[in-house]
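Comments concern the structure below.
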Amino acid sequence: MRLPNWLSQHLAALRAVLVFTVLLGLVYPLALVAVGKLPGLNHKADGSLISSGGTTVGSALIGQNFTDADGNPVARYFQSRPSAAGADGYDPTATSASNLGPESVVDTIATDPEESSESLLTQVCGRSKEVGELNGVDGRRPFCTDDGVGAVLAVFRADGLTGRVTRVVSVNQAAPTTPFVTSYEGVAVEAAQPGEDYVADGGLITPIRGDAPADPAVPADAVTASGSGLDPQISPAYAELQVNRVARERGTDPEAVRKLVEEHTGGRALGFMGEPAVNVLELNIALDKQFAAR
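Its first residue numbered 1, the sequence shown is counted upward by one per residue in the numbering used here.
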């Protein structure tokens with residue numbers, strides 16, 4: 001007996017669903033698992049895990065912090081770049097960037113500290129100051145104050161965009177902090193009051209460059225997070241900045257530490273893509289093996 005046309009179409013669709021379920025839901029995934037177990041591929045398929053002393057200490061593909069229980073950098077280790085992935089950084093379940101751009105220069109200073117937030121400029125300034133202090137170099141950057149926030153003024157003029165200056169506020173320095181400049185065009189500079197929105201009030205946002213060197217000693221990857229927040233590498237320039245500190249903490253010659261850095265510096269992908277980079281975890285493991293901390 002011939003089945004009705006509508007029933008034949010439904011049965012054909014059901015057979016197609018079953019066939020593709022088996023192919024794409026079982027055969028294809030199992031084939032990929034099998035390929036991942038082949039010699040030369042199994043290490044990457046398993047997450048490129050790195051062991052030291054018989055214990056898994058991390059992955060060659062995912063960065064991590066080298067800090068103590070209070071979040072302070074451990075001086076005997078090379079430090080990774082900042083991370084915006086998760087509350088403490090380098091959280092693979094929360095991989096992300098800060099989503100802050102070059103126009104993020106004004107902090108949110110709320111009456112409730114929990115609602116306050118730093119602009120990208122202030123984050124960069126604060127990190128540069130900390131990295132400079134940790135490594136004994138000049139951490140100053142253009143458009144940053146000496147206390148590590150964005151050097152930005154809200155300038156109020158008599159006629160809105162023009163006219164004489166009537167009021168000036170250092171928007172990233174909350175009272176009672178002393179503003180980074182005392183006056184601007186003859187008008188005394190005030191510290192910001194929590195809860196005030198000086199942009200909405202008509203202030204013209206004016207970054208102040210300051211006298212910091214045009215080429216900062218602290219490289220960019222030391223003060224900015226990556227797009228994924230999980231990068232395991234730093235630039236050779238940031239590694240070089242840390243060599244003397246690490247050598248001092250481990251009681252060894254900086255040249256010996258510098259040689260280890262060179263051994264763990266990878267070249268450009270395919271010879272022309274990207275930039276050379278240093279894998280921080282692998283470098284720190286090599287340090288522990290070769291130079292015990294004092």
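A virtual CB, placed ideally from N, CA and C, is assigned to each residue, including glycine.
Note that the structure is predicted; figures quoted are calculated from it, not measured.
By the three-class DSSP mapping on this structure, what secondary structure does residue i have?
| i | result |
| --- | --- |
| residue 321 | Only positions 1 to 294 of the chain appear in the structure, and residue 321 is not among them; the question remains open. |
| residue 240 | helix |
| residue 95 | coil |
| residue 25 | helix |
| residue 74 | coil |
| residue 108 | strand |
| residue 80 | coil |
| residue 122 | helix |
| residue 8 | helix |
| residue 69 | coil |
| residue 163 | strand |
| residue 256 | helix |
| residue 228 | coil |
| residue 217 | coil |
| residue 128 | helix |
| residue 200 | coil |
| residue 158 | strand |
Closer than 8 Å, CB to CB, is residue i near chain C or not?
| i | result |
| --- | --- |
| residue 108 | Of the protein chains in this structure there is only one, and it is not chain C. |
Give the straight-line distance between the Cα atoms of residue i and residue j, rounded to the nearest whole angstrom.
| i | j | result |
| --- | --- | --- |
| residue 85 | residue 154 | 32 Å |
| residue 115 | residue 217 | 33 Å |
| residue 122 | residue 26 | 51 Å |
| residue 120 | residue 177 | 20 Å |
| residue 194 | residue 32 | 56 Å |
| residue 279 | residue 208 | 36 Å |
| residue 244 | residue 64 | 22 Å |
| residue 49 | residue 55 | 10 Å |
| residue 118 | residue 99 | 13 Å |
| residue 191 | residue 72 | 29 Å |
| residue 91 | residue 182 | 42 Å |
| residue 274 | residue 221 | 14 Å |
| residue 161 | residue 142 | 25 Å |
| residue 96 | residue 62 | 13 Å |
| residue 185 | residue 152 | 15 Å |
| residue 272 | residue 16 | 46 Å |
| residue 51 | residue 175 | 50 Å |
| residue 140 | residue 164 | 31 Å |
| residue 224 | residue 12 | 56 Å |
| residue 188 | residue 58 | 53 Å |
| residue 238 | residue 88 | 21 Å |
| residue 227 | residue 83 | 9 Å |
| residue 287 | residue 213 | 33 Å |
| residue 289 | residue 282 | 11 Å |
| residue 135 | residue 240 | 10 Å |
| residue 159 | residue 180 | 26 Å |
| residue 264 | residue 150 | 35 Å |
| residue 157 | residue 127 | 33 Å |
| residue 197 | residue 105 | 13 Å |
What do you get for residue i, buried or exposed, if any count of 16 or more other CB atoms within 10 angstroms of its CB means buried?
| i | result |
| --- | --- |
| residue 5 | exposed |
| residue 113 | exposed |
| residue 199 | exposed |
| residue 28 | exposed |
| residue 111 | exposed |
| residue 107 | buried |
| residue 19 | exposed |
| residue 246 | buried |
| residue 103 | exposed |
| residue 35 | exposed |
| residue 173 | buried |
| residue 255 | exposed |
| residue 10 | exposed |
| residue 277 | buried |
| residue 267 | exposed |
| residue 22 | exposed |
| residue 80 | buried |
| residue 101 | exposed |
According to DSSP, residue i sits in a beta bridge with which residue or residues?
| i | result |
| --- | --- |
| residue 153 | 170, 206 |
| residue 56 | 51 |
| residue 278 | 234, 265 |
| residue 184 | 187 |
| residue 116 | According to DSSP, which records beta bridges pairwise, residue 116 is partnered with nothing at all. |
| residue 192 | 174 |
Whether or not the segment 122-139 and the segment 255-263 are in contact is what I'm after, with contact meaning three or more pairs of Cβ atoms, one per stretch, closer than 8 Å; do they touch? no
How do the segment 167-176 and the segment 230-247 stand: do at least 3 beta-carbon pairs fall below 8 Å, yes or no? No contact exists between the segment 167-176 and the segment 230-247.
For the segment 69-78 and the segment 234-253, state whether three or more C-beta atom pairs, one from each stretch, are separated by less than 8 Å. yes
Closer than 8 Å is the cut-off here; do at least three beta carbon pairs connect the segment 137-146 with the segment 187-205? no
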